[in-house]
Ligand SMILES: [Zn+2]
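Residue numbers (the working numbering): 48 to 275.
Okay, here's the thing in structure tokens:
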């Protein structure tokens, strides 16, 4: 009798845990309903509001905090620079729970960054990834001065990740090397993400979009780069 009761209790507990896990997954998978195209148009609409000083600063209130306490379903991942002038939530006029943001000087893909992005795509249902470079990026400028025949002596990981873009910019004999390297660096990172076995299948079938963009410091405008 005792054994039977114990088995019943264990089964009930297992079902409860399974049910709770499913509810959590369902709550967190909400963003998968938002297509890559719709997510991109939301971002660009938010950036329009930011450019024209008509921000909503939406979804920052107590009710929103309460809604999000049980789970999140961000509609876009942004890989951007740590630069204080380029905070994604502000320049896209988004509130809490809208964006899953990975920031690192020079907006390059690191191993931990890749794992973070994968978490949003795999577990939170996010279908759009944007790599966002910006005007006058100090990290890229620094890399242009540092990347050469020898591995970068300073900031070896950050500059090392940017060096392939600098080499491409030099090869193309760009008139403005710093500026061109900023765009090529975004392009390099987009390609790294697209080629990753984590994402390449979903990029091919169109269910996940990875785009590159550049933020203009003066106008506040985010421009999609060629090929997007
Ligand atoms: Zn920067």
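Ideal Cβ positions, reconstructed from N, Cα and C, are used throughout, including at glycine.
Excluding five sequence neighbours on each side, which residues of the same chain lie with their C-beta closer than 7 Å to the C-beta of residue i?
{"i": "residue 121", "result": "78, 144, 145, 146, 147, 167, 171, 173"}
{"i": "residue 206", "result": "189, 190, 193, 194, 199"}
{"i": "residue 72", "result": "Reliability fails at residue 72, whose pLDDT of 42 lies under 50, so the model's placement of it is uncertain and the value that follows must be treated cautiously. Here the set comprises nothing."}
{"i": "residue 299", "result": "With the chain covering 48 to 275 only, the question about residue 299 has no answer from this structure."}
{"i": "residue 165", "result": "245"}
{"i": "residue 138", "result": "94, 97, 262, 267, 269"}
{"i": "residue 279", "result": "Outside the modelled stretch of the chain, which goes from 48 to 275, sits residue 279, for which no answer is possible."}
{"i": "residue 247", "result": "241"}
{"i": "residue 107", "result": "142, 143"}
{"i": "residue 81", "result": "122, 174"}
Output yes or no for whether 8 Å exceeds the beta carbon distance between residue i and residue j.
{"i": "residue 233", "j": "residue 178", "result": "yes"}
{"i": "residue 98", "j": "residue 267", "result": "yes"}
{"i": "residue 216", "j": "residue 231", "result": "yes"}
{"i": "residue 96", "j": "residue 142", "result": "no"}
{"i": "residue 264", "j": "residue 183", "result": "yes"}
{"i": "residue 83", "j": "residue 175", "result": "yes"}
Just to confirm my understanding: we take residue i, look at its own chain, exclude 5 residues before and 5 after, and list those with CB closer than 6 Å. What are they?
{"i": "residue 163", "result": "149"}
{"i": "residue 269", "result": "94, 260, 262"}
{"i": "residue 227", "result": "216, 221"}
{"i": "residue 239", "result": "156"}
{"i": "residue 237", "result": "178, 257, 259"}
Within the same chain, show all residues whose beta-carbon is closer than 8 Å to that of residue i, passing over the 5 residues directly before and after it, in chain order.
{"i": "residue 159", "result": "none"}
{"i": "residue 211", "result": "235"}
{"i": "residue 124", "result": "146, 147, 148, 149, 164, 167, 168, 173, 175, 176, 177"}
{"i": "residue 115", "result": "143, 144"}
{"i": "residue 204", "result": "157"}
Tell me whether residue i is buried or exposed, calling it buried when 16 or more other Cβ atoms sit within 10 Å of its Cβ.
{"i": "residue 261", "result": "buried"}
{"i": "residue 119", "result": "buried"}
{"i": "residue 186", "result": "buried"}
{"i": "residue 244", "result": "exposed"}
{"i": "residue 208", "result": "buried"}
{"i": "residue 100", "result": "exposed"}
{"i": "residue 140", "result": "buried"}
{"i": "residue 109", "result": "exposed"}
{"i": "residue 74", "result": "Note that residue 74 scores a pLDDT of 40, beneath 50, so its modelled location is shaky; the value from the coordinates is reported in the next line. With fewer than 16 other Cβ atoms within 10 Å, it is exposed."}
Between residue i and ligand 2, is the CB less than 7 Å from at least one heavy atom?
{"i": "residue 225", "result": "This structure does not include ligand 2; its bound ligands are ligand 1."}
Item to check | Every unbroken beta strand (DSSP E) inside the region 181-264 [3 residues or more] | outcome: 256-262
Within 8 Å, do at least three Cβ pairs link the region 128-135 to the region 148-160?
yes
Okay, do the region 81-93 and the region 241-256 touch, 3+ Cβ pairs below 8 Å being the bar?
yes
**Request:** Say whether the region 132-141 touches the region 179-188, bearing in mind that this needs 3 or more beta-carbon pairs closer than 8 Å, one atom from each stretch.
**Result:** yes
Legend entry - Those runs of the alpha helix (DSSP H) which lie wholly inside the region 85-145 and span at least 4 residues: 109-115, 135-138
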